[in-house]
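Worksheet: one structure, shown below.
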Amino acid sequence: MISVISKLQSVNQNQRKIHFRDLTGLGNAARIYKDAFDIYYQISVYQPNVTVKLSIEKELLKLEKKLYPWVINGPMHSSAIEALFNSSGRGIVITTGSKYALVAKHTITMLRLIKSTLPIEIMYCGADDLGTNEFKMLSMLPNVRVVDMRSVLGLKRCEKGWENKPFAVLASRFNQVILIDADALFFQPPEVLFEIPRYKETGTLLFRDRTLPFGTYGRGQNLVNMLMDIAKPFKNQLLYSENRLMRHMTSDEIDSGVVVWNKSKAMPAILLTCLLNSAPFKNHIYSNSWGDKETYWLAHEALRIPFSVASDNGGAIGQLIHSDGADMVCGGLYHADDMDRPLWFNGGIGSRIPAKELGITQVQHWAIERTGANVKWEIATEPFCLHGKLDSPLGVNYSHIGKLTPNELNLARNMTELWVELFQL
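In this note's numbering, the protein residues as written are 7 to 431.
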């Protein structure tokens with residue numbers, strides 16, 4: 007512990023700010039905080055020795071205020087560890103502003119239709135983000151609490167994009183959180199995610215993005231470089247060793263439409279993810295990858311905090327198209343469960359703002375792939391389409407196309423009918 011305190015003191019005495027491109031330096035500082043946090047947590051929970059606790063507390067909180075100031079500077083908790091101890095239960099967290107408030111209403115209504123009973127927190131940042139009318143509309147939904155993140159966190163300025171997502175988890179009262187995009191739709195109650203064995207073991211569950219050729223949109227190598235920098239001590243022994251990125255099989259690795267976190271096991275990673283989605287670091291991250299998606303993985307690898315990743319790569323759900331003797335499914339990004347049954351997808355059903363022409367996606371078929379081999383996507387126009395073979399055996403080295411069951415088709419019709427009801431002008 008003396009060594010950890012010495013490292014804390016050293017980094018606290020350094021007045022130089024970490025440059026936003028210096029992910030190696032950031033990773034080093036974050037690991038010092040994580041090591042101290044772990045010791046402080048263990049002392050607080052299992053060995054309540056006041057003298058020992060105070061010996062590390064001062065320097066730990068000084069570094070937290072320097073690296074991750076949002077909880078300490080907020081009106082509710084004095085530190086991240088206090089926020090952790092005050093969190094409890096399980097729930098769903100969604101971020102939205104006025105623009106996509108109707109989308110969030112659709113998602114929540116469908117969650118209740120499939121018998122999800124989890125409490126839901128909708129997070130926003132300031133009146134400029136979520137207007138009064140939208141606030142009232144969402145507050146009227148059953149078992150939903152609408153929260154201005156500034157009532158919990160000390161945020162210097164409000165953002166309105168992807169960057170709010172990890173902060174929403176940090177601000178949440180829940181100890182175990184399912185963070186979902188406002189347009190993520192489920193075929194099964196999200197509660198099933200908490201029961202996945204690898205989530206129970208690690209306390210974190212992430213989902214994979216589509217397998218797109220390395221270099222697509224100019225992405226891939228820069229993400230590799232960022233990963234190697236922020237997780238430099240572990241670059242040859244990554245936790246997620248089966249990732250496609252390091253084998254140059256894809257340009258994007260992780261999708262953040264759904265993220266499951268147990269704060270008791272992952273709090274330092276949550277804090278680092280927030281920092282990676284904060285200026286000035288987010289400017290570097292976002293210019294070399296797509297939004298917040300890869301930051302969850304980067305944070306866990308940097309701190310070597312265990313996490314799990316779903317077994318399927320991002321697929322497609324929507325309409326089956328026959329073209330030039332080939333089959334493909336066009337629609338939203340799709341994920342199946344471990345039994346290859348539909349679990350969730352994002353992107354919604356059609357136009358996410360009220361319109362006369364909604365461009366409704368006919369949700370009837372799905373396509374999945376698990377190996378990253380022989381994958382062909384059509385991405386020139388939206389929705390994206392994944393080529394595959396209809397009713398082919400699962401586990402083969404190409405994409406498999408299947409059809410929704412009658413019950414799943416009925417649920418998809420309910421999704422569509424509600425979408426039309428909410429968005430049709």
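Where a beta carbon is used, it is the ideal one built from N, C-alpha and C, also for glycine.
Bear in mind that the values here come from a model prediction, so they are computed numbers and not experimental data.
Item to check | When Leu-410, Gly-354 and Cys-336 are compared against His-328, the one with the closest alpha-carbon | outcome: The shortest CA-to-CA distance from His-328 to any of Leu-410, Gly-354 and Cys-336 is the one to Cys-336.
Checklist entry - Along the chain, where does the alpha helix (DSSP H) that runs through Arg-421 open and close? => result Note that residue 421 is Met in the sequence shown here, rather than Arg. Run containing Met-421: 412 to 429, per the alpha helix (DSSP H) assignment.
Item to check | Beta-carbon proximity check, Trp-267 vs Thr-210, cutoff 8 Å | outcome: Yes, they are a contact pair.
Checklist entry - Looking at the structure shown, is Lys-166 part of a helix, part of a strand, or coil, going by DSSP? => result Looking at Lys-166 - three-state DSSP - the assignment turns out to be coil, as it is neither helix nor strand.
Checklist entry - Between the segment 307 to 314 and the segment 254 to 274, are three or more C-beta pairs nearer than 8 Å? => result Yes, they touch.
Next on the checklist: Would you call the segment 129 to 148 in contact with the segment 194 to 207, where contact means no fewer than 3 C-beta pairs closer than 8 Å?
Outcome noted: no
Next on the checklist: Using the three-state DSSP reduction, which class does Leu-309 fall into: helix, strand or coil?
Outcome noted: helix
Item to check | Neighbour-count burial assignment, Ile-359, 16 or more Cβ in a 10 Å radius | outcome: By the 10 Å Cβ count, Ile-359 comes out exposed.
Checklist entry - By the 10 Å Cβ neighbour count, where 16 or more other Cβ atoms means buried, how is Glu-363 classified, buried or exposed? => result exposed
Checklist entry - Hey, how far is the Cα of Leu-136 from the Cα of Leu-424? => result About 22 Å.
Next on the checklist: Within a Cβ cutoff of 6 Å, which residues of the same chain sit near Pro-125, ignoring the five residues on either side of it in sequence?
Outcome noted: Gly-97 and Asn-149
Next on the checklist: Can you list, in chain order, the residues of its chain with a C-beta nearer than 7 Å to that of Val-435? Leave out the 5 residues immediately preceding and following it.
Outcome noted: Residue coverage of the chain in this structure runs from 7 to 431, which leaves residue 435 outside it and unanswerable.
Next on the checklist: With a threshold of 8 Å on Cβ separation, who are the neighbours of Ala-35 within its own chain once the five nearest residues in sequence on each side are excluded?
Outcome noted: Within the same chain, Ala-35 has close Cβ partners Val-17, Ile-24, Leu-69 and Leu-73.
Item to check | Residue nearest to Glu-127 in terms of C-alpha spacing, selected from Ala-305, Leu-244 and Thr-113 | outcome: Thr-113
Checklist entry - Among Val-315, Lys-288, Tyr-292 and Lys-166, which has the Cα closest to the Cα of Glu-206? => result The identity of residue 206 in the sequence shown is Lys, whereas the question assumes Glu. It is Val-315.
Checklist entry - Among the residues of its own chain, which have a CB less than 6 Å from the CB of Thr-222, if the five just before and after it don't count? => result Ser-257
Item to check | Rounded separation between Leu-417 and Asp-235 - CA only | outcome: 45 Å
Checklist entry - Unbroken alpha helix (DSSP H) runs of length 4 or more, entirely within the segment 272 to 355: which are they? => result With a minimum length of 4 residues, the continuous alpha helix (DSSP H) runs that stay inside the segment 272 to 355 are 287 to 294 and 301 to 309.
Next on the checklist: Judging by CA-CA distance, which residue of His-371, Leu-392, Pro-412 and Ile-291 is the nearest neighbour of Trp-168?
Outcome noted: Closest in alpha carbon position to Trp-168, among His-371, Leu-392, Pro-412 and Ile-291, is Ile-291.
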